[in-house]
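Visitor: The structure under discussion is supplied below as structure tokens; questions concerning it will follow.
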Ligand code: UT7
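Numbering (our numbering), first residue to last: 7 to 337.
And the structure:
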């Protein structure tokens, strides 16, 4: 049943940050002496290059830069923020949370801040948690950030993983709106989150078996197995989100998917019967930035004018856990 008093979390600003250093496929292969080619990486994944953080850049630095851009676009002062959630698999440290470090870097004087760990699905999870907190009235103005220095947890001798990932951060500003039934009912329409720990070993951080000098561990992935789970689980989550909102594929203006593999992204576009130009793709330039990939793509597509006020946007992601989920938002 529809409740006209339900508050909505409106997305009022987006921002992104990419480290300056760009590493092409050829440069990566040469730098690490990898038995791979630009042709293999491009054909199997769509990735042409990735950004790599400077040695002194932390996830909180990337996240704070993305958040500053999102706040500026929203016209919101840092002092108005009362909730910060950071999705990251590469936090600055075990604690304090990266979100608290960002709170300090932005000069946010109050509220509360914490991280969520859901790997590549992290942004969808963080959006769901922030939306719930706004709907209950626990927060009014939230920063939801995906920030990753994923290149810090790669095994550069493993060609099956190290060519896939990159660093970056994206952020959105959410603000409590009047909600459904009001004159302005834009905002997050729903988030649908899933996990299944039975598949935890398909994509995980290996600490015990990490090469010397990798104290945080390195990513291990059974890529083909994860691929097999991806399209079915993502399509089911998107359908679940559309049905719950009383909408259909025809209502969707944009697909902003997690950016792991162009083949998965294109398959999801076909499932939604969307023209290719309605699917936001950054994987060619950013590679897989884990929890940062969706907010980075949102920032790009709002900044360049593709996503307009009133557009219905579908977001979906799958990653380590396995975790997966979908979110629907009216911009
Ligand atoms: O973001 C979290 C979610 N992650 C995903 O959604 C990732 C899902 N998986 C994938 O995107 C793909 O499975 C990969 C891109 C990881 C791999 O592509 P694939 O088409 O599934 O390749 P594959 O793993 O089946 O490997 C095919 C061949 C293998 O050689 P053999 O056994 O056929 O001789 C690999 O050893 O390709 C080889 N290979 C490579 N060759 C050149 C694997 N990595 C490379 C490489 N360069 N970098």
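Glycine residues also receive a C-beta, built at the ideal position from the N, C-alpha and C atoms.
For residue 7, does the count of other Cβ atoms within 10 angstroms reach 16, so buried, or fall short, so exposed?
Guide: In this prediction, residue 7 scores a pLDDT of 40, lower than 50, which makes its location untrustworthy; the coordinate-derived value is nonetheless stated afterwards. Under this definition residue 7 is an exposed residue.
Visitor: What's the C-alpha gap between residue 86 and residue 163?
Guide: Straight-line Cα distance between these residues: approximately 46 Å.
Visitor: Looking at the unbroken alpha helix (DSSP H) that takes in residue 110, where does it start and where does it end?
Guide: Element bounds for residue 110: 104-112.
Visitor: Consult DSSP for residue 31 and reduce its assignment to one of helix, strand or coil.
Guide: Helix at residue 31.
Visitor: Check whether the Cβ of residue 93 lies closer than 8 Å to any heavy atom of ligand 1, and answer yes or no.
Guide: It does not: the Cβ of residue 93 is nowhere closer than 8 Å to a heavy atom of ligand 1.
Visitor: Check whether the Cβ atoms of residue 264 and residue 335 sit closer than 9 Å, and answer yes or no.
Guide: Taking 9 Å as the Cβ cut-off, residue 264 and residue 335 do not qualify as a contacting pair.
Visitor: What number of angstroms, rounded off, separates the C-alpha of residue 211 from the C-alpha of residue 225?
Guide: Looking at the two C-alpha atoms, the distance is approximately 5 Å.
Visitor: Would the beta-carbon of residue 236 be found less than 8 Å away from any heavy atom of ligand 1?
Guide: Yes; taking the cut-off as 8 Å, the Cβ of residue 236 has a heavy atom of ligand 1 nearer than that.
Visitor: Rounded to whole angstroms, what is the Cα-Cα separation between residue 134 and residue 77?
Guide: In a straight line, the C-alpha of residue 134 is about 20 Å away from that of residue 77.
Visitor: Would you mind reading off the limits of the beta strand (DSSP E) that contains residue 1?
Guide: Residue 1 is absent from the structure shown; the chain starts at 7 and stops at 337.
Visitor: Under the three-state reduction of DSSP, which class applies to residue 101: helix, strand or coil?
Guide: Here residue 101 sits in coil by DSSP.
Visitor: Please confirm whether any heavy atom of ligand 1 lies closer than 8 Å to the CB of residue 274.
Guide: False, no ligand heavy atom lies under 8 Å from that Cβ.
Visitor: At a cut-off of 8 Å, would you count residue 332 as near ligand 1, judging by its Cβ distance to the nearest heavy atom?
Guide: Checking the Cβ of residue 332 against ligand 1 gives no.
Visitor: Between the Cα of residue 71 and the Cα atoms of 33, 296, 25, which residue gives the shortest distance?
Guide: Looking at the Cα atoms, 25 is the closest of the given residues.
Visitor: Between which two residues does the alpha helix (DSSP H) holding residue 166 run?
Guide: Note, residue 166: alpha helix (DSSP H), 165-168.
Visitor: Tell me the DSSP secondary structure of residue 3 in three-state form.
Guide: Since the displayed the chain opens at 7 and closes at 337, residue 3 lies outside it and no answer follows.
Visitor: Taking its Cβ as the centre, do 16 or more other Cβ atoms sit within 10 Å of residue 348, making it buried, or is it exposed?
Guide: Not covered by the structure: residue 348. The range shown for the chain is 7 to 337.
Visitor: Beta-carbon within less than 7 Å of residue 178's beta-carbon, same chain only, minus the 5 sequence neighbours each way: which residues are those?
Guide: For residue 178, where only same-chain residues beyond five positions count, the Cβ hits under 7 Å are 17, 19, 20, 76, 150, 301, 304.
Visitor: Mind checking whether residue 157 and residue 58 have CB atoms under 9 Å apart?
Guide: Going by C-beta atoms, residue 157 is nearer than 9 Å to residue 58.
Visitor: Starting from residue 226, follow the beta strand (DSSP E) in both directions and report where the run begins and ends.
Guide: From DSSP, the beta strand (DSSP E) with residue 226 extends over 224-227.
Visitor: Could you tell me the alpha carbon to alpha carbon distance between residue 148 and residue 89, rounded to whole angstroms?
Guide: Their backbone Cα atoms lie some 5 Å apart in a straight line.
Visitor: Go through its chain and collect everything with a Cβ distance to residue 175's Cβ below 6 Å, but skip five positions before and after it.
Guide: The answer, listed in chain order, is 23, 68, 69, 72, 153, 298.
Visitor: What is the C-beta distance between residue 34 and residue 155, in whole angstroms, given that I count them as a contact (C-beta under 8 Å)?
Guide: Wrong, their Cβ atoms sit about 16 Å apart, outside the cutoff.
Visitor: Quick check: does the Cβ of residue 46 come within less than 8 Å of any heavy atom belonging to ligand 1?
Guide: True, at least one ligand heavy atom lies under 8 Å from that Cβ.
Visitor: Quick check on the DSSP output: the alpha helix (DSSP H) that includes residue 47 runs from which residue to which?
Guide: That run of the alpha helix (DSSP H) goes 44-51.
Visitor: I need the boundaries of the beta strand (DSSP E) containing residue 261, first residue and last residue.
Guide: Unbroken beta strand (DSSP E) run through residue 261: 260-263.
Visitor: Among residues of its own chain, excluding the 5 on either side of residue 332, which ones have a beta-carbon nearer than 6 Å to its beta-carbon?
Guide: Here the set comprises 198, 243, 244, 247, 322.
Visitor: Should residue 285 be listed as close to ligand 1, given that the test is whether its C-beta is under 8 Å from any heavy atom?
Guide: Flag unset: Cβ of residue 285 not near ligand 1.
Visitor: Let me make sure I understand the geometry here. Which of 337, 309, 207 has the alpha-carbon closest to that of residue 320?
Guide: Cα-wise, what sits closest to residue 320 is 337.
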